[in-house]
Amino acid sequence: MTANTDTGEIQQAPVAAFLASHLNGRTEEELSAEFHTLLDAVRAHGKKGSMTITIVVEPPANGVESAPLPIGVESAVKAPKPTPVKSLYFLDDEGLPVREDPRQMAIEFRSAPSTNNYKDA
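The structure is reproduced here in structure tokens:
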């Protein structure tokens, strides 16, 4: 932020321009790639997602007033994921998950002898 002494107008640096030029444009490229990954995931899964961009500014080294400020850009993407497929289980007498209902009566089936009604011609 700078102040024009003639007009008293305060000028601020645009954040978008800073992000576009940070690390010679690499930051903007990485953020754009993450943003499009998020868009694809939202479109594919029909769920919301989010992207957080954090600009971290540290004080000058050793508290020297005219020293440069270390500035970093961090991002975090929370892209939706597909809903995992679920399967149904029953709990047996010991409380363990089993596929068959332990309360259901089981009937043993015997295989019937093969009856081939077709005769060779």
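In case it helps, our numbering puts the sequence shown at residues 107 to 227. Beta carbons: idealized from backbone N, C-alpha and C, even for Gly.
Beta-carbon spacing of residue i, residue j below 8 Å
i: Ala-147; j: Glu-134; result: no
i: Phe-196; j: Val-204; result: yes
i: Asn-251; j: Gln-117; result: Residue 251 falls outside the range modelled here, since the chain spans only 107 to 227, and no answer is possible.
i: Lys-187; j: His-151; result: yes
Endpoints, the alpha helix (DSSP H) within which residue i is located
i: Ser-127; result: 121-127
i: Ala-139; result: 132-151
Closest by C-alpha distance to residue i, when choosing among the options
i: Thr-143; options: Ala-123, Ala-185, Pro-165; result: Ala-185
i: Phe-303; options: Val-191, Leu-129, Ser-156, Gly-131; result: The displayed coordinates of the chain run from 107 to 227. Any statement about residue 303 would go beyond what the structure contains.
i: Glu-180; options: Gln-117, Ala-119, Arg-132; result: Arg-132
i: Val-183; options: Ala-167, Val-121, Thr-158; result: Thr-158
i: Phe-124; options: Glu-171, Ile-177, Val-170; result: Ile-177
Straight-line gap, residue i to residue j (C-alpha atoms, nearest Å)
i: Thr-189; j: Met-211; result: 34 Å
i: Glu-136; j: Lys-154; result: 21 Å
i: Ile-213; j: Glu-200; result: 23 Å
i: Leu-129; j: Pro-174; result: 15 Å
i: Val-121; j: Ile-161; result: 10 Å
i: Val-163; j: Glu-115; result: 25 Å
i: Arg-209; j: Ser-217; result: 25 Å
i: Ala-139; j: Glu-206; result: 47 Å
Residue i, enclosing beta strand (DSSP E) - first and last residue
i: Val-191; result: From DSSP, Val-191 is part of no beta strand (DSSP E); its letter is neither H nor E.
i: Ser-156; result: 156-163
i: Ala-182; result: 177-184
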